[in-house]
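Converting from the sequence shown to the numbering used here requires adding 511 to each position, the first position being numbered 1.
Notes follow once the structure below has been shown.
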Amino acid sequence: MKIVLTNSVGGVGMPGAVAALRAGRPALDVIETGIRPVELEPTVNSVGRGGWPNLLGEVELDACIMDGRTLETGAVGALRGFLHPISVARKVMETLPHVFLVGEGAARFAAECDAETGDNLTAESRAGWEKWLQEHVPEDVRTRWPDVPLADWARLTAVPETAGGTTVFLVKDAAGDIAAGVSTSGWAFKYPGRLGDSPVIGAGCYADNRYGAAACTGMGELTIRAGTARAIVLYMKIGATVQEACHEAAADLRSLRRRYRGGVTIHAIDRDGQPYVISVRHEGEIKYWLWAEGMETPEEKAALIESW
Ligand code: ASP
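Below you can see the structure in the form of C-alpha cells.
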C-alpha cells in the first residue's frame with residue numbers, strides 16, 4: 512500500500528507528492544517533493560515564505576526529516592534567509608556527521624550546500640507582525656522596539672489565534688519504506704531563537720519502518736515535554752494499534768500542566784500505512800489530507816477532536 516498523509520494546509524504539496532509516489536520515487540523524495548511547495552506558498556503563514564515572523568520581525572524556520580529504514584534523521588532550527596528548510600534538513604542527514612543544526616550554523620551549512628536563499632518575510636507577514644505590535648504593545652514601548660525586554664510580549668503571543676500549523680508528511684512508498692518530514696515557521700511572534708517541536712527529533716517527527724511514523728502540529732512546547740512522536744512509535748512497538756498509540760499519546764499530553772492555551776494535533780501511520788489523526792484541543796475543525804493507492808485524488812479528512 513502506498514500512502515501519504517499530510518497536514519499540508521489546504522492540500523498544498525499533495526499533488527506533487529502523490530505523483531512522486533505513483534512514479535515509484537522513494538519516501539524521502541516524496542516528503543521533499545510534498546513539502547517544498549508549501550514552503551514557497553506565501554499564503555500559508557505558518558510555513559516557509561510568508562510565515563509569521565518572531566517578535567523582532569524575522570522569519571525563523573524549523574524542519575526535520577527522518578528515514579524509517581535506518582532511523583537516520585536531519586533537522587534545522589531557527590534557520591533564516593533560506594527558502595527550503597526541509598531540503599537543508601535532508602542535507603544535514605545525508606552529508607554531515609550531525610543530526611541537528613540551528614541558527615547561524617544552520618545558515619552557514621545551507622549556504623555551503625548552495626540552498627536557495629530568499630527573504631521569507633512577505634509584505635503580508637510583515638503587516639501581520641506590525642498589526643500585532645500595534646494591538647498589543649503600548650506606543651512608548653513600541654518606539655523603543657526591539658531594545659526592550661521581550662519576555663512579557665512572548666507570553667502574550669501564547670494564544671490559539673496566533674498558533675501556526677506545521678506541514679507534516681508521513682509516507683509509505685511503493686517499496687514499503689516509511690519516512691516523515693515536517694516544516695514550519697513555528698509559533699507566530701515567538702521569542703527569537705525559540706525552537707518548537709518540529710525540528711526536535713522524537714517530539715514533532717519520528718519514523719521507523721518496523722512500527723510506523725508520527726508527526727505533530729500545534730503547541731510544540733507540549734509535544735517536546737511529552738516526546739510525543741517517539742512515544743507513539745514506541746507504543747506501536749510494544750503492541751498498540753495506531754489508534755491506541757495516538758490515544759495514549761493524547762493522554763500523555765493531557766496529563767501535562769499547561770500554563771498557556773494551545774492544542775496539539777497528532778498524525779500517525781502504522782507499519783502498514785494505516786493512518787490515524789487526533790487533535791487534542793477545544794475549538795475548531797482540524798483538516799488533513801490523505802492519499803492511498805486506489806484513490807483518484809487526495810481526500811480531505813477531519814481529525815478526531817478530543818478536548819483537554
Ligand atoms: N508545532 C509548531 C511549533 O510549535 C507550530 C504548529 O504546528 O502550529 O513550532
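Even glycine gets a Cβ: it sits at the ideal position worked out from N, Cα and C.
Given the structure is predicted, the values throughout are model-derived calculations rather than measurements.
Y717 in three-state terms, based on DSSP: Strand, per DSSP.
Counted within 10 angstroms of its Cβ, other Cβ atoms place M604 as buried (16 or more) or exposed: Buried.
Reference L706; option with closest CA among K602, V659, E732, A751: The option with the nearest alpha carbon to L706 is E732.
Residues bridged to M730 [DSSP beta-bridge criterion]: In the DSSP output, where bridge partners are listed per residue, M730 has none listed.
Residues near T544 in its chain [Cβ-Cβ closer than 6 angstroms; skip 5 each side]: Correct list, in chain order: G527, A528, A531.
C575 Cβ short of 7 angstroms to ligand 1 heavy atom set: The beta carbon of C575 sits no closer than 7 angstroms to any heavy atom of ligand 1.
Contact test: D540 Cβ vs ligand 1 heavy atom, cutoff 7 angstroms: No, ligand 1 has no heavy atom inside 7 angstroms of this Cβ.
Exposed unless 16 or more other CB atoms sit within 10 angstroms - verdict on E635: Exposed.
Environment of L818 [buried if 16+ CB atoms lie within 10 Å]: Correcting the residue type first, residue 818 is Ser in the shown sequence and not Leu. Within a 10 Å sphere around the beta-carbon of S818 sit fewer than 16 other beta-carbons, which makes this residue exposed.
Whole-angstrom C-beta distance between V753 and Y787, which should lie under 8 angstroms: Under the criterion of beta carbons closer than 8 angstroms, Y787 and V753 qualify as touching, at roughly 5 angstroms.
Assigned secondary structure, A803 (DSSP; H/G/I helix, E/B strand, else coil): Looking at A803 - three-state DSSP - the assignment turns out to be strand.
Meets three-Cβ-pair contact criterion under 8 angstroms: the segment 653–668 and the segment 584–599: Flag = no, the segment 653–668 and the segment 584–599 do not touch.
Distance CB(G559)-CB(E569) smaller than 8 angstroms: Between G559 and E569, the C-beta spacing is not below 8 angstroms.
G562 beta carbon near ligand 1 (any heavy atom closer than 7 angstroms): Because no heavy atom of ligand 1 lies under 7 angstroms away, the Cβ of G562 does not count as near it: no.
N- and C-terminal bounds of the alpha helix (DSSP H) containing E615: For E615, the enclosing alpha helix (DSSP H) has its first and last residue at 614–623.
Proximity of D783 and G697 at Cβ, strictly below 8 angstroms: The answer is no: Cβ separation not under 8 angstroms.
Close beta carbons around I546, own chain, < 7 angstroms, minus the five adjacent residues each side: Excluding residues within five positions, the ones whose Cβ falls inside 7 angstroms are G524, I597, T678, F680, G692, S694.
Cross-strand partners of H778 (DSSP beta bridge): Answer by DSSP bridge pairing, in chain order: A726, V788.
Alpha-carbon to alpha-carbon, C575 and T584: Cα-Cα distance, rounded: 7 angstroms.
Pair within 8 angstroms by beta-carbon distance, D688 and G521: Contact flag unset, no.
Option in A621, V515, D630 with minimal Cα separation from G535: Nearest C-alpha to G535: V515.
Ligand 1 heavy atom lying under 7 angstroms from the CB of C716: No - ligand 1 has no heavy atom lying nearer than 7 angstroms to the Cβ of C716.
heavy atom of ligand 3 below 7 angstroms from M747 C-beta: In terms of ligand content, the structure shown lacks ligand 3 and carries ligand 1 instead.
Check: D708 C-beta below 7 angstroms from any heavy atom of ligand 1: D708: yes, Cβ under 7 angstroms from ligand 1.
CA-to-CA distance, Y722 to K748, given in whole angstroms: Approximately 6 angstroms between the Cα atoms of the pair.
T728 beta carbon less than 8 angstroms from that of D763: Between D763 and T728, the CB-CB gap reaches or exceeds 8 angstroms.
Simplified DSSP state of I797, which is helix, strand or coil: When DSSP states are grouped into helix, strand and coil, I797 belongs to the coil group.
Closer than 7 angstroms: W643 CB and nearest ligand 1 heavy atom: No, the Cβ of W643 stays beyond 7 angstroms of every heavy atom of ligand 1.
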